[in-house]
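K.L.:
In my numbering, the protein residues as written are 664 to 727.
Beta carbons: idealized from backbone N, C-alpha and C, even for Gly.
All values reported here derive from a predicted model rather than from experimental measurement.
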Amino acid sequence: MLWDEPTARLDLRSERALVEGAARLLVGRTAVLVAHRPALVGVADRVVRLEGGRVAGDVRGAAA
Numbered sequence: 664m665l666w667d668e669p670t671a672r673l674d675l676r677s678e679r680a681l682v683e684g685a686a687r688l689l690v691g692r693t694a695v696l697v698a699h700r701p702a703l704v705g706v707a708d709r710v711v712r713l714e715g716g717r718v719a720g721d722v723r724g725a726a727a
């Protein structure tokens, strides 16, 4: 599943509901999530940070 900025036009309440739902929905599944907001990044098991089209960071586990 590819999610590209799914919270870009949501208010904070709707964003929270989406993040909670995504956390439940994605257990045991693979998804690619394009996000700038920390709330969404927080549900990830792995975070790959891009800068200028190149990988600038790759964090796995609890630090993600």
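#1: Under three-state DSSP, which class holds residue 680?
#2: List the endpoints of the continuous beta strand (DSSP E) containing residue 719.
#3: In whole angstroms, give me the CA-to-CA distance for residue 746 and residue 696.
#4: Straight-line CA distance for residue 675 to residue 700?
#5: Give the straight-line distance between the Cα atoms of residue 680 and residue 704, rounded to the nearest whole angstrom.
P.N.:
According to the structure data:
#1: As a first step, residue 680 must be located in the sequence shown, where it is residue number 17. Per DSSP, reduced to three states, the secondary structure at residue 680 is helical.
#2: The count along the sequence shown starts at 1 and reaches residue 719 at position 56. 717–723 is the span of the beta strand (DSSP E), which, as asked, contains residue 719.
#3: Outside the displayed span of the chain (664 to 727) sits residue 746, for which this structure offers no information.
#4: In the sequence shown, counting from the first residue as 1, residue 675 sits at position 12. In the sequence shown, counting from the first residue as 1, residue 700 sits at position 37. If you take the alpha carbons of residue 675 and residue 700, they lie about 11 Å apart.
#5: For the purposes of this step, residue 680 is taken as residue 17 along the sequence shown, with counting starting at 1. For the purposes of this step, residue 704 is taken as residue 41 along the sequence shown, with counting starting at 1. The straight-line gap separating the alpha-carbon atoms of residue 680 and residue 704 is approximately 15 Å.
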